[in-house]
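Residue numbers (this note's numbering), protein chains in the order written: chain L, 1 to 405; chain S, 1001 to 1247.
Quick notes on the structure that follows.
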Ligand code: SF4
Ligand code: SF4
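Below you can see the structure in the form of structure tokens.
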């Protein structure tokens, strides 16, 4: 058995592998503990309240879901745009997409007030609700990407790869648009009322998904003691830089257009200038650590060895960190800012009207949120060991044969 | 689905007959009902012939008075606590005009929007609007996702953070579900007024008038016709059932 499991690994390292599994398992167990505790005592044990109704679990869940769609990008570039380097990475990309989505959805479901009624959510659809549409998109994503993976792994089904690849491509674009629209539809809240929300989520998903892919990929290469081909690395590095740059660009446009509308000034002031933790997380987390620093790392000329580290691991890791920061600012920051009930008035009430709402996530929220990452990690670790997800390519020979691609 | 959520637009003639009777009657000791001319017998479903609504005159609303809030808590079995995780179906909001310094106090609750954002976003259809315009949460299909709370422009909704005890059997509530003002649907279905309106009346302020907006003869319709009133956040075009006068 062990022999079989190690089939596509250059070294078995079973002990360390089990340690990895245990680590992932522990995190997931922590989430289950939090879940059952909350199920029993209610959300009173969380830092969430009637003002901040979506907290840390949602930050993680939405990040994972958005990254899931982006992780599929690598496969799409391979199937839809026919790039060989990406084609050979399609299975890994598809698998990661599924693992990320599973992790994100797990948190979302475990955080529900009535998770026992999940079946209601699955059988009663209000088609006016973008949330309901999201559920349809998520379920469809599992099916389509699952089938796509099967065609990639079974040579007899090769003919289906392309049509399914296309379907997956358009499906995931819709999925991320729909996820972004969850916020875009909240017209009453100053922080979300923008048509740019959905396209911005799509661009960000490209960056986050590719970043996760690159981190996992370099992890796998390291584990197996292989070095990633320089050409492949350069391509991915450039692609990540484009996505990170585009995300930054969209963020700037988003805030500039908000500044254009006088009624959004207060909110912009809050996020950009005097929103305390949210302002800090925005500038330090989202913009600097998640945007500018990775770009510098990606483009800074360095010695060969240092480059390896920066390109494939550190830069995408920072992008992921920036992604969490962005979600925190968007989701929690957007709620912390008071709802504009009576514009032009100072408002006060027992229900915290007119005040900046505070939020302090409790340990249970952390456990739940990390559980999503744990699920993704565990699924990935198992999948890469059991199936052939290691990218198989010989970039140089391809390059010389096809000139360029 | 609970009884009150069924909607039976048919049987209007029967219902008009009942209404006529109800209209002429004083129900309960010393309580005269305004604008219930078109109310209906409890066994009938909500009808689109009615649209329940309210007009709040902020100039009559007492500064520091919160009798409406207390009455709501008692009627609906709320604790009355005001921590960040406690439910508040109705609250007193103090507003001060930043330019003129003019201070007002007013009650704020679910505005029973015609184009209710909470109903639109709810994935399961638990947030629903009855034929007569009352917006409710179906306790049995709410999954507690809180999307409706994100969508409501008036912060009208609360999430039940803790297990509940000592509940009013007429007002089903439950941990893990979202809830909000129901216009005291259990009372309205009996032909009575919401608890807050009754309390305001009893205190002698009479800042709240409840009734059928579709009935031109109801008091609320008449006052609305003769005075200027506004919706809060009118820019969102939700056609709220609750309107304000004096702001
Ligand atoms: S006020 Fe809020 S809860 Fe009430 S109907 Fe409108 S959106 Fe829904
Ligand atoms: S919390 Fe309940 S009522 Fe609100 S949107 Fe979710 S399912 Fe609907």
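We put the beta carbon where it would ideally sit given N, CA and C, even for glycine.
Check                                                                                                                               : Outcome
Residue 65/L classed as buried or exposed, judged by whether at least 16 other C-beta atoms fall within 10 angstroms                : buried
Cut-off 8 Å between Cβ atoms - residues of its own chain near residue 1220/S, not counting five sequence neighbours on either side  : 1034, 1035, 1053, 1054, 1055, 1209, 1210, 1211, 1212, 1213
Residue 1024/S - DSSP class collapsed to helix/strand/coil                                                                          : Low per-residue confidence applies at residue 1024/S: pLDDT is 37, beneath 50, and the placement is therefore not dependable enough to give any value.
Cα-Cα separation, residue 298/L to residue 44/L                                                                                     : 44 Å
Spatial distance of residue 359/L from residue 208/L (CA atoms)                                                                     : 25 Å
Check: residue 1139/S C-beta below 7 Å from any heavy atom of ligand 2                                                              : no
Any 3 or more C-beta pairs closer than 8 Å across the region 1123-1141 of chain S and the region 1168-1186 of chain S               : yes
Residue 1180/S CB to nearest heavy atom of ligand 1 below 7 Å                                                                       : yes
Residues proximal to ligand 1 by C-beta, any heavy atom closer than 7 Å                                                             : 1110/S, 1111/S, 1112/S, 1113/S, 1116/S, 1117/S, 1118/S, 1119/S, 1127/S, 1135/S, 1148/S, 1151/S, 1152/S, 1153/S, 1154/S, 1156/S, 1157/S, 1180/S, 1238/S, 1240/S
Inter-stretch contact at 8 Å, needing at least 3 Cβ pairs: the region 1143-1156 of chain S / the region 1106-1119 of chain S        : yes
Residue closest to residue 284/L, alpha-carbon to alpha-carbon, out of 323/L, 250/L, 300/L                                          : 323/L
Between the CA atoms of residue 1215/S and residue 61/L - distance to the nearest angstrom                                          : 48 Å
Member of 1105/S, 1091/S, 1227/S, 1116/S whose CA lies at the smallest distance from the CA of residue 1238/S                       : 1116/S
Chain-ordered chain L contacts of residue 1053/S [CB-CB under 9 Å]                                                                  : Those within 9 Å of residue 1053/S in chain L number zero; the least Cβ separation is about 19 Å.
Proximity of residue 365/L and residue 46/L at Cβ, strictly below 8 Å                                                               : yes
Test: residue 1132/S CB closer than 8 Å to a CB of chain L                                                                          : no
Any C-beta of chain L under 8 Å from that of residue 1124/S                                                                         : yes
Residue 1123/S Cβ short of 7 Å to ligand 2 heavy atom set                                                                           : yes
Where residue 1211/S falls: helix, strand or coil (DSSP)                                                                            : strand
Beta bridge counterpart(s) of residue 1093/S as assigned by DSSP                                                                    : 349/L, 1106/S
Selection from 1247/S, 1225/S, 1222/S, 1227/S that minimises the alpha carbon distance to residue 1234/S                            : 1247/S
At least 3 beta-carbon pairs within less than 8 Å: the region 48-62 of chain L vs the region 95-111 of chain L                      : yes
Within-8 Å CB hit, residue 1075/S to chain L                                                                                        : no
8 Å Cβ cutoff met for residue 1206/S and residue 1060/S                                                                             : yes
Ligand 2 heavy atom lying under 7 Å from the CB of residue 189/L                                                                    : no
Proximity test, Cβ basis, 8 Å: residue 135/L and chain S                                                                            : yes
Chain-ordered neighbours of residue 353/L on chain S, where CB pairs are closer than 8 Å                                            : 1091, 1093, 1108, 1155
Alpha-carbon to alpha-carbon, residue 356/L and residue 1022/S                                                                      : Residue placement at residue 1022/S is poorly supported in this model, since its pLDDT is 40, which falls under 50; the coordinates still yield a value, given next. Rounded to whole angstroms, residue 1022/S to residue 356/L spans 48 Å at the Cα level.
Near-chain S residues of the region 35-66 of chain L (beta-carbon distance less than 7 Å), N- to C-terminal order                   : 42, 43, 44, 49, 50, 51, 53, 54
Collapsed DSSP secondary structure at residue 364/L in the structure displayed                                                      : helix
Chain-order list of residues whose beta-carbon lies under 7 Å from that of residue 187/L (same chain, five-residue window excluded) : 193
Proximity test, Cβ basis, 8 Å: residue 1161/S and chain L                                                                           : yes
CB-CB length for residue 63/L against residue 327/L, believed under 8 Å                                                             : 5 Å
Where residue 1128/S sits in the DSSP three-state scheme                                                                            : strand
Segment contact, 8 Å Cβ cut-off, at least three pairs: the region 66-80 of chain L with the region 92-105 of chain L                : yes
Whole-angstrom distance between residue 369/L and residue 28/L, CA atom to CA atom                                                  : 10 Å
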